[in-house]
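**Q** Positions 3 to 1208 (the numbering used here) are the ones given, in order, by the sequence shown. Glycine is no exception: its CB is placed at the ideal position from the N, C-alpha and C atoms.
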Amino acid sequence: MLKNPKTFLSKFYLKKFVLLKMLCCKLEISNLQCFGLTSLGVEYKTSVMTKTREPRWHEAFVFRAIDWTTGVTVSVRDRLPLKMHFVGQVVISSAEIASLPGMITQRWFQLRDRGVAGQLTGAELELKVALVYTKANDQGLFETGTAAMELDHGAPDAGLADLLVGQEDETEEEVHARTKALLRREEQERETAAALAALKQGYYQVQIHIIEARDLKGENLSGTSDPYCQVEIMNVIKKTSTKYDTLGCVFDEILFFNFPNIGRHELREASIKVPSHISVYDKERVLKDNLIGIYQLDCLSVHAQPDHELYRQWIAVHDNLNSKDRGIQGFLLISVVVLGPGDALRVHDREAEVEQELAEATGEILPDANDQRITPPLVLVPPAIELKLQFLVVRVLRAEHLPAMDSGGLLIGAQGIDAFLQVVFAANAPCKSSVVTVKGRGNLAPDFYEELWLPVRIPTFSRHIGLSVWDRDLTSPNELVGVASHDFLHVPAARGVNDTTSTKVPESSQKVNLMLEDSDIDEDVGADEDLSEAAMREKLEFEEEHQRRQAAAPRWYNLYGPPLHGTNTKRKQLVSRHAELGSTYRGRILISMVRVETPLPEDGEKMHLKTMPAPEREHFERSTPKTVKYMLRGALYCGVELPRGSSSALIGGTPQVRVTISLGPYTISFESQEVGKDGSATFEQCLEHPSALDLPADLTQIPDIIVTLSRAVGGVAAATSRKEEFVSVSFARFRAEELFTHGFTAKCQWVVLREEIARRQTRHALERSQNAGVLLLRLGFGRVEMATRHPWINEADTSELFGPFRLPRVHREIRVHIFQARELESPAGVARVPSPAVNVYCCGQQKRTVVRQSTLAPLFYESLVFLTNVPSTDIVYTPEIVLQVQDSSTSSGVTGVLGELRLSLASAIRSVATAGSPKPRWYDLKRPRSRSSTSVRLLLAEQAEGGGSAGQLLVALQYIDHTGPTPPAVLRQPAPITPKYTEANLDIVALGVRHLKALSTLGVRRPHVEFELVGGYFVDGSSMKRTQSGLPSFSGSSKNANFLDRIVARVKFPVNTLYAPQLHIRVCDSTLGGLRKTTLASCIVDLSDKLPWSPTYRIEIAAGSGSPFRSPSKRRTISHKTNEEFPKGSKDIEDIPGDEEGVIDYLDEGQPEAETDYPLDDGIGIGDLSLPSVLYSHARVSSTKVLDDTDPAVIEQRRREEERRY
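Right, dumping it as structure tokens:
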């Protein structure tokens, strides 16, 4: 029974208005159908479904119901060329739906003819109808009480009218569930940020498995289509085969996309600049192929999924580019896998999954609740995908500090910009704002105040929103000003359009209690406890509302790009599309974003543009981000490795360089200085911006601090003339929040500048032999109060700041010990093996090691000595040491550089002249810059710190300070650094190979395996060992050859495993009777953990069996990872108890024990400290006793020995 309306409405605070929602699903009639929905004079129409007997709409409509008699008439018509043919109608009243449980129903309704007692037509219509109450539509709340007074006369703070908009009547369970969902979303955001920061630079592979397509839209005259799928990822396009005359087909094709040397920058920006999307086309023989539907997802979203995959997921394709096509255009079943460095590919057992899904469908077993993977059911019907239409609303307010993109030529006053904003998200076409023209020479500020509405169908795997500001040109292509991005997961939801324009949210519980007192709640129903619970619930809602409004508040997006003039056109466009490569601040734009979850019917489902009304514009004008006063300060000491300019610039004299520091529109410039022949210049200048900087209080909205190095064009003659001109050639960028953490207490540091990429292939570009420059710079950024509290100089007296840099000075001997390199890579486009050598640059001096011919793992074992004159007060004033691994078979220069390493003197050890080499360390080599490449991946890898490794170099540094005013006449030669070797037996068993791939049409003929030793050598003097030619396996193919060969060789390995002996394995094929050899595959095996004297040496023995290479000459030892003793009287190694994992270690007789590897000189050179043998008991091998090294005196002695440093 339906309760009394007054009682029912009073209980739920309902006065007059409710919402009636309808979802049209399925219809069983023929030909062309069109819906008409009418209620209280409001009429809506669905989209037209063509050439189908079973149309599906999946569209929602909203009506207002005044009372229980309000009804909706749903009529179905068949659109003919000349008229509309009536098929049937359904009349639904609000009272009928209100009498149902939950006031919601989804069932089939029978269509009737017109009239009160219309006859049944035989057709049925599936509808989902619900009555939903929201306070946003309850005008009775605003007719009386405090809310009505505030609506009539206004209120100083947020009133009841603003507070009740969009608030639902929720139970405690619903509030608790919503709170948990909010916390879970915040946790997911933190995990996503951590996963993004943990992404590695390297090789990535994307696998797209197109499995099946169903219910595609018919594009041919016959009502069918010729579908094929096209996948585009980062400008790489691949297609499947074409299936003809069908609306559903099975592709079962896997498309592979390989991307070497990419990282988080490319994955994060993938959906913005080069979206990865899946398109379904209809093949045409003559005309252009028709787009059926498109779907877009982000590679980063897929990589964040469990096992880095989206497994067997149905997706619905839409055609948002065509205004005539509405709704779902078809379904695709796909699997997507994104694998990065170190990621494992999960192998699915499809037969077992089918059996499990069938068992779950029949109820034999229950599904696992802990399994988070989404697997579609095996039901042979069209997939049921619940898609909810939402809108991403981008409010474009205004822009500031934009440059004048239009030069104007000879016309006076023609300089300016014709600015417009473009938003790209998901599979939508670019949405553009109106064009606003502003004239001026710079710092232009156009006003937009528009709303861009982009449709979004939830759930979606697209996350990244692309924002770009353009300058419209009528006679040439539009010019890009700059780009920015935003994460869709961080866009707050708005329950209604007017919900985001409220002015303020109460922040105290007193306002909550005041609101409850003025409400219509019956006082005698609840007690004080109920009132407190209600107040806490309201307070929680208001706090959530406050956080949501803060997220929806306007924020500044900063734009970066190349310099405006003197750039290469192609590289200029490249830098403009990637903010990470930008060297120039190009302004900022004020934007607010919200996600409308329940759009109104008049909003439609297509992308559109709206102009902000005057009240809303005034509201956002008052919502500008708060600003505070900051101060920027810089102290420039000197510069090294500075570019001296081209030969034409040297005609007028020694070139000059100038350094500027900019933060948004604010700039401080140091006086220009001459560059010496060694590429160094001394500045010794400290500057501070003359006025305070008015910047946002939110540090994330402050522009980056950019340090720019410019050199004079034409040398000194041009620099001293009236037409002084400096052109930027390199730069460095710092995030404002990073500098703010240190304030004005940070120390000076060496800043390595990055080359201006847009200058390449122009007359201002750096030469091949020139570096971008390194500056000794101290930066300070913080509030004005912090700057006043920490002054650097007193009234232009720089002696206190630059005095330690000037005097005293010392003659410092720097020794660079180069041991070996590994994992080097051949230059791009070069098929031969390089011949590497190491060039070392130290304080303007250069020295080189001996060239090692044709190897990727050279052994140098050389020490290079440099004598310098540097400040003695702090080693930070000594320039960094640069080591470049170059290919000597090419001309000297950047093209032959295999890798680069920069080391500061802080990583060196201070020693005496008689000291030996300290313990070396492996360092990663940075990839060299490519001057001719325009690849985004390579350029981002160059600019990123640690962006990709080009190999490793084993190096040790030490320095010796010589007292006295004059340098020493003769420098003592360092001791040899060649490691000690010991003989051992290398036992190799080659069984066979499988699935070899031929590199020629002749196939694989006679494969064999070659073994080359790196870091050691064969005693017999041979360079390598090889197996016999393989015999075909049972399949009769040489691709699966069996060798069944064992090689036992006497070798010499270094005693210290730090020198990383490696075994290079190459699978080769011999043709033409052995005259031609081709390498089919190769790999490297690290032998450092396979040497019996290594601390990490382990042999895993299977249960019930011994070591495969066990011999009677082995003597029993203790595993390095266990403290168990061998029992006395044990005769067999199997009888000796090991650790829990059953791992036993042993040594060959005559091989060195661990203590013989301990260095007698640790690089300090003050003598050997004799320690008791118990100190090394953790490394000693003993068969009778395990010594304890927990003696406190021994521990203290070891600590002092390790800390013996000046």
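Using a Cβ cut-off of 7 Å (strictly closer), state whether residue 255 contacts chain C.
**A** Checking the listed chains, one finds no chain C in this structure; it contains a single protein chain.
**Q** Rounded C-beta distance between residue 563 and residue 586? I'm assuming under 8 Å.
**A** 6 Å
**Q** Measuring straight from C-alpha to C-alpha, what distance separates residue 880 and residue 837?
**A** Going by the C-alpha atoms only, they are around 31 Å apart.
**Q** To the nearest angstrom, report how far apart residue 1197 and residue 1021 are at their CA atoms.
**A** 41 Å
**Q** Mind checking whether residue 460 and residue 490 have CB atoms under 7 Å apart?
**A** no
**Q** For the beta strand (DSSP E) holding residue 90, just list the boundary residues, first then last.
**A** 86-95
**Q** Terminal residues of the continuous beta strand (DSSP E) containing residue 229?
**A** 229-235
**Q** Using alpha carbons as the reference points, say which of 1023, 1000 and 1057 lies closest to residue 1216.
**A** The structure shown has nothing for residue 1216, since the chain only spans 3 to 1208.
**Q** Tell me, please, which residues DSSP counts as bridged to residue 536.
**A** Residue 536 pairs with nothing; no bridge assigned.
**Q** Under 8 Å, with one C-beta from each stretch per pair, do the region 759-776 and the region 616-631 reach the 3-pair mark?
**A** no
**Q** Quick check on residue 246: buried or exposed, where buried means 16 or more other Cβ atoms within 10 Å of its Cβ?
**A** exposed
**Q** Can you confirm whether the region 753-772 touches the region 796-816 when touching is taken to mean that 3 or more C-beta pairs between the two stretches lie within less than 8 Å?
**A** Contact between the region 796-816 and the region 753-772 is absent, because fewer than three Cβ pairs lie under 8 Å.
**Q** Indicate the three-state DSSP secondary structure (helix, strand or coil) for residue 908 in the structure shown.
**A** helix
**Q** Check whether the Cβ atoms of residue 1050 and residue 1065 lie closer than 7 Å to each other.
**A** No, these two residues do not count as a Cβ contact at 7 Å.
**Q** Would you check if the distance between the CB atom of residue 794 and the CB atom of residue 778 is smaller than 7 Å?
**A** no
**Q** Given this structure, state the Cα-to-Cα distance separating residue 1077 from residue 952, to the nearest angstrom.
**A** Spanning the two alpha carbons is a distance of roughly 34 Å.
**Q** Measuring alpha carbon to alpha carbon, tell me which residue in 73, 114 and 78 is nearest residue 131.
**A** 73
**Q** Do residue 660 and residue 712 have their C-beta atoms within less than 7 Å of each other?
**A** Contact flag set, yes.
**Q** Between residue 560 and residue 590, which are expected to be in contact by the criterion C-beta below 8 Å, what is the C-beta distance as a whole number of angstroms?
**A** 5 Å
**Q** Using the Cβ count rule (16 or more neighbours within 10 Å means buried), how would you classify residue 432?
**A** Exposed: under 16 other Cβ atoms inside 10 Å.
**Q** With distances taken from CA atoms, which of 478, 859, 868 and 638 is nearest residue 975?
**A** Across the set 478, 859, 868 and 638, the C-alpha of 868 shows the shortest separation from the C-alpha of residue 975.
**Q** Under 7 Å Cβ to Cβ from residue 737, same chain only, skipping five residues before and after it: list those, please.
**A** 706
**Q** Throw me the rounded Cβ distance for the residue 730 and residue 758 pair, which I believe falls under 8 Å.
**A** 6 Å
**Q** Excluding the 5 residues preceding and the 5 following residue 903 in the sequence, name in chain order all residues of the same chain whose CB lies nearer than 6 Å to its CB.
**A** 885, 925, 927 and 955
**Q** At the level of alpha carbons, what is the spacing between residue 255 and residue 1054?
**A** Rounded to whole angstroms, residue 255 and residue 1054 show a C-alpha spacing of 52 Å.
**Q** Between the region 446-466 and the region 606-619, can you find at least three pairs of beta-carbon atoms closer than 8 Å?
**A** yes
**Q** Assuming residue 790 is part of the alpha helix (DSSP H), what are its boundary residues?
**A** 786-791
**Q** Which of the three DSSP states is assigned to residue 2 in this structure?
**A** With the chain represented from 3 up to 1208, any question about residue 2 goes unanswered, as that position is not in the structure.
**Q** Starting from the C-beta of residue 120, find all residues in its chain whose C-beta is less than 6 Å away, skip the five residues before and the five after it, and write them out in chain order.
**A** 114
**Q** Based on DSSP bridge pairs, tell me the residues matched to residue 815.
**A** 869 and 962
**Q** Reducing DSSP to helix, strand and coil, say where residue 314 ends up.
**A** strand
**Q** Would you say residue 592 and residue 556 are within 7 Å of each other, going by their C-beta atoms?
**A** yes
**Q** Under three-state DSSP, which class holds residue 1042?
**A** helix
**Q** Helix, strand or coil: which one does DSSP assign to residue 706?
**A** Coil.
**Q** Since residue 572 is in the beta strand (DSSP E), which residue starts that stretch and which ends it?
**A** Not the beta strand (DSSP E): residue 572 falls in the alpha helix (DSSP H), residues 571-579.
**Q** Where does residue 1197 sit, in a helix, a strand or coil, going by DSSP?
**A** Here residue 1197 sits in helix by DSSP.
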